[in-house]
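To start, the structure itself, in structure tokens.
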Amino acid sequence: DGYFDRLIKYIPSEILGAWIAIKGVLTSANDVPINLIWVVFIFLVFVTPFWILKLTSESNKPPAVTQIVVSTGAFVVWVFALGEPFSSLGFYRPVYGSLLLILYNIIIPLFNPSELNS
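Numbered per the numbering used here, the sequence shown spans residues 122 to 239.
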């Protein structure tokens, strides 16, 4: 795969889409504690590796460990860039999320699993 193909593969769009929809529902409701948003985020962090494993599994081939790790990291970085729930932490500034997202998206396509496994 080329650079941009790997970039697209490493971003877990289904999980991100679920996060954006769930967060929209939660933030539009009144009286939703930030802890609930954290719980949903942590749940999706744990679901992401299994989701990527399911999407990438091929018979007689080892698991796509690089894609699983990088995609899970991508989910965390995207959520960090989007703000909540990290905005509830004292150190968080939106510029940090924006910079991290840009840098991570520049770097992640450089991970080529075929080169790492040889």
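Glycine is no exception: its CB is placed at the ideal position from the N, C-alpha and C atoms.
Does DSSP put residue i in a helix, in a strand, or in coil?
i: Phe232; result: coil
i: Glu135; result: helix
i: Leu165; result: helix
i: Asn238; result: Since pLDDT at Asn238 reaches only 47, below the 50 mark, its modelled position is unreliable, and the value read off the structure follows with that caveat. Coil at Asn238, not helix or strand.
i: Ser149; result: helix
i: Lys105; result: Since the first and last residues shown for the chain are 122 and 239, residue 105 lies out of range.
i: Tyr213; result: coil
Is it true that the CB of residue j sits closer than 8 Å to the CB of residue i?
i: Thr177; j: Ile136; result: no
i: Gly200; j: Tyr225; result: It is worth fixing the name first, because residue 200 is Val in this sequence and not Gly. Against a cut-off of 8 Å, the Cβ pair of Tyr225 and Val200 comes out as no contact.
i: Ser209; j: Ile141; result: no
i: Ile163; j: Leu147; result: no
At the level of alpha carbons, what is the spacing between residue i and residue j?
i: Tyr124; j: Val153; result: 40 Å
i: Ile143; j: Phe196; result: 14 Å
i: Ala139; j: Lys130; result: 17 Å
i: Ile227; j: Leu221; result: 10 Å
i: Glu250; j: Ile223; result: Residue 250 is absent from the model: the chain starts at 122 and stops at 239.
i: Ala150; j: Ser180; result: 44 Å
i: Asn233; j: Tyr213; result: 31 Å
Apart from the five residues just before and just after residue i, which ones in its own chain have a Cβ nearer than 8 Å to its Cβ?
i: Leu174; result: Pro184, Ala185 and Ile189
Quick one: using the 10 Å Cβ neighbour count with 16 as the cut-off for buried, is residue i buried or exposed?
i: Phe207; result: buried
Enumerate in chain order the residues of its own chain whose CB-to-CB distance from residue i is below 6 Å, with the five nearest sequence positions on each side excluded.
i: Pro230; result: Tyr124, Arg127 and Leu128
i: Ser192; result: Tyr131, Pro133 and Ile173
i: Pro215; result: none
So, for residue i: in the same chain, excluding its five sequence neighbours on each side, which residues have a beta-carbon less than 7 Å away from its beta-carbon?
i: Ser219; result: Ala202
For chain D, check one thing: does any of its Cβ atoms lie closer than 8 Å to the Cβ of residue i?
i: Asp126; result: Checking the listed chains, one finds no chain D in this structure; it contains a single protein chain.
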